[in-house]
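Numbering (my numbering), first residue to last: 4 to 467. Even glycine gets a Cβ: it sits at the ideal position worked out from N, Cα and C.
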Ligand SMILES: *Cc1c(COP(=O)(O)O)cnc(C)c1O
């Protein structure tokens, strides 16, 4: 047997297909630690064998329609052959190389593509490998930018309820999102501005926005010159419940902080790549309100590979130039600008701009709008909101949901998850919020199945 023979390792690691489903789940229970999961009370994970388009196949003929794009990353459906082929081809050419002192074609092409498509003044592309590191890098860039300028501004401002990832800087910026109890005392101070969420037929919107702007004015009067950056999820706060707010409000916030020289970071880890109907959520604001930095991840590779991007203005980039290494940005990750991930991103970019995808985006938004309209009349639903391919609604808390909440812990989302799974749907409510964020290849019939499951809850026909 030759050393290079692919069979030479079989005596050490048996191929996985020798394990039955039951054995795999036993091994999972024994060895795997799943994210955002209370293992003691969580149901057994669902074992996915393969996935095509919107369909996850669990074996034994059981299928689930993925209505949340697998944690918001998938754009064109699972297993898209064009992206799979781009990754395979890249793997044969160059799988990885250190990105300090070296560069490569997929990263260069992707950087040029993104820089040209992002709003001015975003011109420089810094690669990382996920959403948390993209925002972490953005925050560090802002703090060091002021440090290098010998104007040490150390305050960070954020929107209440914002989520920016799970590393320490990202947790600090998202400290009001409610996930970080054990680390609270170690997070750095971040001031938060109330976020004026809105929805269909919201009569309070103007008041909420006005109140928030007044608070911002008083904050800026005191701390404006000490504040390095404002970080926010533009228009759509994902993790804290798919909550939306207006572009007009965002413009007013940016106009105010700019008067104090504060840098603006848009965390578009979720909203990028047409999620909100436009290529970037930043396109919902007028060009003069474009951010100084913008973070991307999630959909960037169509959901195939981990990749993060922090784009920034030339002005920020130049703030790091000089003759000493101390002025440089001493930050990087082993898999920074992975050629495989960049190749996937370039393939996904092509698909994104095809006529087919563009027509799908319009069709999904129209279907969502019709469903939103219908839901706004149902007795057990409230706060309907729709933005591009996102459609979200809150279940009114009544006796039934309160009971489920008691049974399942702080929210009834587990019970809801089971309700949807029984109907062949992967939906993962955030508390009482049910939302659809489907891959762009979803069909009208598939959407209809998901709408119906929520409509039946909303009309009282079905209960959890
Ligand atoms: C998911 C998310 C992140 C974190 O991305 P990860 O890749 O999960 O680390 C950051 N910001 C926003 C807005 C997100 O939705």
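Are the segment 269-284 and the segment 211-228 touching, with three or more C-beta to C-beta distances below 8 angstroms?
no
Taking the C-alpha atoms as reference points, what is the distance between residue 412 and residue 256?
Taking the first residue of the chain shown as position 1, residue 412 is located at position 409. Taking the first residue of the chain shown as position 1, residue 256 is located at position 253. Here residue 412 scores only 45 on pLDDT, less than 50, and its place in the model is too uncertain to base an answer on.
What whole-angstrom Cβ distance do residue 193 and residue 173 have, given they're in contact under 8 angstroms?
Residue 193 sits at position 190 when you count from the first residue of the chain shown. Residue 173 sits at position 170 when you count from the first residue of the chain shown. Incorrect: roughly 11 angstroms between the Cβ atoms, too far for contact.
Report yes if the C-beta of residue 270 is less than 6 angstroms from at least one heavy atom of ligand 1; otherwise report no.
As a working mapping, residue 270 is identified with position 267 in the chain shown. Checking the Cβ of residue 270 against ligand 1 gives yes.
Grab the span of the alpha helix (DSSP H) containing residue 447 for me, first residue to last.
Sequence index remark: in the chain shown, residue 447 carries index 444 (1-based). Here the alpha helix (DSSP H) through residue 447 covers 447-462.
Which same chain residues, not among the five before or five after residue 324, have their C-beta less than 8 angstroms away from its C-beta?
Start at 1 with the first residue of the chain shown, and residue 324 comes out as number 321. Excluding positions up to five away in sequence, the list reads 330.
For residue 151, name the three-state secondary structure that DSSP assigns.
Mapped onto the chain shown, residue 151 falls at position 148. Looking at residue 151 - three-state DSSP - the assignment turns out to be helix.
Straight-line gap, residue 200 to residue 367 (C-alpha atoms, nearest Å):
In the chain shown, the residue the question calls residue 200 occupies position 197. In the chain shown, the residue the question calls residue 367 occupies position 364. C-alpha separation (whole angstroms): 23 angstroms.
Under three-state DSSP, which class holds residue 334?
Sequence index remark: in the chain shown, residue 334 carries index 331 (1-based). Three-state result, residue 334: coil.
Taking its Cβ as the centre, do 16 or more other Cβ atoms sit within 10 Å of residue 358, making it buried, or is it exposed?
As a working note, residue 358 is residue 355 in the chain shown. Per the 10 Å Cβ criterion, exposed.
Leaving out the 5 sequence neighbours to the left and right, which residues in its chain are closer than 8 angstroms to residue 379 when beta-carbon positions are compared?
Here the question's residue 379 lines up with position 376 in the chain shown. Only 203, 204, 387 meet the Cβ criterion.
Cutoff 7 angstroms; reference residue 84; Cβ partners in own chain excluding five residues on either side
By 1-based counting over the chain shown, the position of residue 84 is 81. Result list for residue 84: empty, nothing under 7 angstroms.
Proximity below 7 angstroms, CB of residue 399 to CB of residue 383:
For the purposes of this step, residue 399 is taken as the residue at position 396 of the chain shown. For the purposes of this step, residue 383 is taken as the residue at position 380 of the chain shown. It is a contact, given that the beta carbons lie within the stated cut-off.
Can you tell me whether residue 167 sits near ligand 1, meaning its C-beta is under 6 angstroms from at least one heavy atom of the ligand?
Here residue 167 refers to the residue found at position 164 of the chain shown. At least one heavy atom of ligand 1 is nearer than 6 angstroms to the Cβ of residue 167, so yes.
Given residue 453, which residues of its chain have a CB within under 6 angstroms of its CB, disregarding the five upstream and five downstream residues?
Taking the first residue of the chain shown as position 1, residue 453 is located at position 450. Around residue 453: 70, 428, 439.
Using a threshold of 7 angstroms, state whether the C-beta atoms of residue 298 and residue 232 are closer than that.
Here residue 298 is taken as the residue at index 295 of the chain shown, counted from 1. Here residue 232 is taken as the residue at index 229 of the chain shown, counted from 1. Their beta carbons are not under 7 angstroms apart, which means residue 298 does not touch residue 232 by this criterion.
From what residue to what residue does the beta strand (DSSP E) around residue 371 run?
Counting from 1 along the chain shown, the entry for residue 371 is found at position 368. That residue, residue 371, is in no beta strand (DSSP E); its alpha helix (DSSP H) goes 358-378.
Quick check: does the Cβ of residue 180 come within less than 6 angstroms of any heavy atom belonging to ligand 1?
In the chain shown, residue 180 corresponds to position 177, counting from 1. Checking the Cβ of residue 180 against ligand 1 gives no.
Going by C-alpha distance, which of 315, 327, 101 is nearest residue 125?
Walking along the chain shown from the start, residue 125 turns up at place 122. Closest option to residue 125, Cα to Cα, is 315.
Less than 6 angstroms between C-beta atoms, sequence neighbours within five positions excluded: which residues of the same chain meet that for residue 158?
Taking the first residue of the chain shown as position 1, residue 158 is located at position 155. Closer than 6 angstroms at Cβ, skipping near neighbours: 226, 229, 230.
In three-state terms, what does DSSP make of residue 277?
Stepping through the chain shown from its first residue, residue 277 is reached at position 274. In this structure, residue 277 counts as coil in the three-state DSSP scheme.
State buried or exposed for residue 346, treating a residue as buried only when at least 16 other CB atoms are found within 10 Å of its CB.
Here residue 346 refers to the residue found at position 343 of the chain shown. It is buried - the Cβ of residue 346 has at least 16 other Cβ atoms within 10 Å.
Nearest by alpha-carbon distance to residue 290: which of 120, 425, 344 is it?
In the chain shown, counting from the first residue as 1, residue 290 sits at position 287. When only C-alpha atoms are compared, the closest one is 120.
Residues in the same chain with beta-carbon distance under 8 angstroms from residue 118, minus the five sequence neighbours each way, listed in chain order, please.
On the chain shown, position 115 is the one that residue 118 refers to. So the list reads 125, 126, 127, 128, 314, once near-sequence residues are dropped.
Sequence-distant residues of its chain with Cβ nearer than 6 angstroms to residue 241 (five each side left out)
To locate residue 241, count along the chain shown from 1; it is residue 238. Result list for residue 241: 273, in chain order.
Any alpha helix (DSSP H) of 4 or more consecutive residues that is wholly inside the segment 278-310
none
Classification of residue 394 by the beta-carbon crowding that lies within 10 angstroms, buried from 16 upward
Working through the chain shown from its first residue, we reach residue 394 at position 391. By the neighbour-count rule (16 or more Cβ atoms within 10 Å), residue 394 is buried.
Expressed to the nearest angstrom, what Euclidean distance is found between the alpha-carbon atoms of residue 458 and residue 41?
As a first step, residue 458 must be located in the chain shown, where it is residue number 455. As a first step, residue 41 must be located in the chain shown, where it is residue number 38. Roughly 29 angstroms between the two C-alpha positions.
For residue 132 and residue 339, believed in contact at Cβ under 8 angstroms, the rounded distance:
In the chain shown, the residue the question calls residue 339 occupies position 336. In the chain shown, the residue the question calls residue 132 occupies position 129. The pair is a contact, with the Cβ atoms about 6 angstroms apart (cut-off 8 angstroms).
Out of curiosity, what's the CA-to-CA distance linking residue 27 and residue 33?
The residue labelled residue 27 in the question sits at position 24 within the chain shown. The residue labelled residue 33 in the question sits at position 30 within the chain shown. Each residue's Cα considered, the two are about 10 angstroms apart.
Which runs of the beta strand (DSSP E), 3 residues or longer, sit entirely within the segment 39-80?
53-55, 58-62, 65-69
Quick one: give me the first and last residue of the beta strand (DSSP E) that residue 111 is part of.
Taking the first residue of the chain shown as position 1, residue 111 is located at position 108. It is not in any beta strand (DSSP E) - residue 111 instead sits in the alpha helix (DSSP H) that spans 108-120.
Taking Cβ to Cβ, would you say residue 72 is nearer than 7 angstroms to residue 442?
Here the question's residue 72 lines up with position 69 in the chain shown. Here the question's residue 442 lines up with position 439 in the chain shown. Closer than 7 angstroms, so yes.
Under the rule that 16 or more other beta-carbon atoms within 10 Å means buried, what is residue 295, buried or exposed?
The residue labelled residue 295 in the question sits at position 292 within the chain shown. Buried, by the Cβ-count rule.
Cut-off 6 angstroms between Cβ atoms - residues of its own chain near residue 264, not counting five sequence neighbours on either side:
The residue you call residue 264 lines up with position 261 of the chain shown. Result list for residue 264: empty, nothing under 6 angstroms.
Rounded straight-line distance, which links the Cα of residue 165 to that of residue 235
Looking up residue 235 in the chain shown gives position 232. Looking up residue 165 in the chain shown gives position 162. For residue 235 and residue 165, the distance between alpha carbons rounds to 6 angstroms.
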